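In what follows, a single structure is set out as C-alpha cells and then discussed.
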Ligand SMILES: [Zn+2]
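In the numbering used here, the protein residues as written are 411 to 540.
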C-alpha cells in the first residue's frame, strides 16, 4: 500500500513505511479463500483486489468499486461502492457506512444464472494490530 505521507509503495500488511518510517495504525486484513490483503489507508476494493482474495469468485466483481474501506485512525469502516452487485455484511445488505469488527464477513451477492436465488462470494474480515 502507498504511504499516506511520502507515497512510497510498501508491501501489503506493512506496519510502517520503509522509506519515511511512518507507523501505520490498525492495519485491516481481508482474508479470502485465495489469500489475504492488508490495508492501511482508505481504499476502494474492486476486481483486482478481489482477484487476490477469492480465487474464482473474483469474477463476480466489476471494475467499479465493490466497497470502500476507510479508517479514522482508530476504527475501520466499510462503505458501499458503485458496483451493481450488492455487498452484504454479516448477511445484512450494506447501504450505509458501517463500522467493521474483527470477524465480520463481507459477501458479494450476484444473481444466479441458473434460476432464482443468489450466489455469493465470501470474504472474512480480520482486524489486526491497533
Ligand atoms: Zn512513507
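We treat Cβ as the ideally placed atom computed from N, Cα and C, and that holds for glycine.
Note that the coordinates shown come from a computational prediction; the quantities given were computed from them, not determined experimentally.
* Asked: Where does residue 482 sit, in a helix, a strand or coil, going by DSSP?
  -> coil
**Asked** With C-beta atoms as the reference, is residue 477 less than 8 Å away from residue 520?
**Response** no
Original post:
With 8 Å set as the bound, which would you pick, yes or no: does the beta-carbon of residue 429 sit closer than that to a beta-carbon of chain B?
Top reply: No chain B is present in this structure, which holds just one protein chain.
Distance between residue 485 and residue 425 (C-alpha atoms, nearest Å)
16 Å
Check your understanding: Do residue 482 and residue 465 have their C-beta atoms within less than 8 Å of each other?
Key -> no
query: If you draw a straight line from the C-alpha of residue 473 to the C-alpha of residue 457, how long is it?
result: 5 Å
**Prompt:** For residue 427, is the beta carbon positioned less than 7 Å from some heavy atom of ligand 1?
**Reply:** yes
- Work out the CA separation of residue 427 and residue 417 for me, nearest whole Å. 9 Å
key: Backbone secondary structure at residue 530 - three-state DSSP   = Strand at residue 530.
**Item:** Rounded straight-line distance, which links the Cα of residue 479 to that of residue 487
**Value:** 6 Å
Can you find a heavy atom of ligand 1 that lies under 7 Å from the Cβ of residue 419? Proximity of the beta carbon of residue 419 to ligand 1 is not indicated: no heavy atom of the ligand is located closer than 7 Å.
(message) My assumption, with CB atoms under 8 Å, is that residue 514 sits in contact with residue 532. Please give the rounded CB distance.
(response) Contact flag wrong, Cβ pair sits at about 11 Å.
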